[in-house]
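Reading the sequence shown from the start, the letters are residues 222 to 506 in our numbering. Worksheet: one structure, shown below.
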Amino acid sequence: MSLSSDNRWVAHRGQITPLASCLIPVNDLAIMRGYGMFDYFRTYNGHPFHMPDHLNRFEHSAAQLGLSTTMPREELQATIEQLLKAQPLRDAGIRLLLTGGYSADSMTSESPNLFVLSEPLPVFNSQQFAEGVHLMLSAFDRELPQVKTINYLQSIRLLPERKKNNQYEVLYHGKSGVTEASRSNFFLVKNGTVRTTGENVLLGITRKVVLGLAGKLGIPVVQERVEVDALYDADEAFLTGTNTKVMPVVKVGEQTIGNGQPGEVTRALMDAFNAYTEQWGTIRP
């Protein structure tokens with residue numbers, strides 16, 4: 222099998238093809254109405270990271286949108302494994318994209334489309350992990366926050382301004398207080414205790430792993446509502462995400478977090494998470 226130049230492949234209806242050759246009719250609800258959902262995970266050492274957790278969330282999101290996943294879990298797992306073998310990268314991102322499907326009336330979901338994509342992992346600047354990143358603060362309540370929908374309108378709309386100000390992501394706050402970043406979960410640290418909300422946010426798999434590691438390290442964690450004012454006296458802040466891993470946050474909007482440098486708790490969790498992923502595929506939890 223020849224390989225595509227950008228190393229992006231897609232499995233759809235039993236066929237694996239280069240992404241560029243995969244077409245979808247414009248009457249799919251993902252295009253007509255922005256109706257669809259996805260999940261995303263990556264491999265470490267060639268092994269999918271916490272794939273069962275991601276498949277659980279994928280199935281939950283599909284059920285919340287009233288969409289069929291189009292195939293049993295066992296078949297989906299086999300498709301993912303086949304795709305990983307066909308693509309040339311040792312470590313890759315895997316995106317499960319489930320669209321609303323073809324629709325004769327531009328409203329009714331009639332035949333959902335499931336695409337399984339393999340993608341090169343993004344390249345991060347090591348300076349971001351060493352020095353921390355800045356976030357844009359935006360008042361916004363995400364619709365169906367515990368569903369990983371394809372609706373990223375707010376984040377994409379703000380992208381030019383965010384890039385202009387060299388801000389890594391958008392941090393949302395609204396009726397539930399400070400909730401999450403556009404592609405990551407958000408945490409504060411005060412007096413050695415990690416604080417994060419567990420309501421009206423997407424429950425990230427990396428978030429779950431990091432909370433478990435915090436328990437093993439004896440770092441207290443409180444899951445409760447976080448108000449915007451808490452940003453002003455926080456000692457540390459960080460993000461978690463599939464590719465973000467554990468990312469220090471040193472500024473939100475115009476507010477410097479703590480002393481403006483990654484803190485002790487953040488660094489301990491970064492080290493623990495990196496050690497955990499370095500062993501992935503040889504030692505499983």
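Glycine included, every Cβ here is placed at the ideal spot set by N, Cα and C.
- Following the DSSP letters along the chain, one finds M272 in no beta strand (DSSP E) but inside the alpha helix (DSSP H) bounded by residues 272-285.
- The alpha-carbon separation between V422 and T463 amounts to approximately 15 angstroms.
- Membership of Q444 in any alpha helix (DSSP H) is not indicated; the residue belongs instead to the beta strand (DSSP E) covering 442-444.
- The three-state secondary structure of I426, taken from DSSP, is helix.
- With fewer than 16 other CB atoms across the displayed protein chains lying within 10 angstroms of its CB, F345 is exposed.
- At a Cβ-Cβ threshold of 8 angstroms, V231 and L240 count as neighbours.
- Closest in alpha carbon position to K411, among F459, R378, T465, P341, is F459.
- Contact annotation: the region 355-367 touches the region 375-394, with at least three C-beta pairs closer than 8 angstroms.
- Cβ-Cβ distances below 8 angstroms link G395 to A360, F361, D362 in the same chain, with the five nearest sequence neighbours on each side left out; the list follows chain order.
- Under the three-state reduction of DSSP, D454 is assigned to coil, being neither helix nor strand.
- DSSP, reduced to helix, strand and coil, places A489 within a helical segment of the structure shown.
- Nearest in C-alpha terms to T417, of all of N228, S339, E457, L338, is E457.
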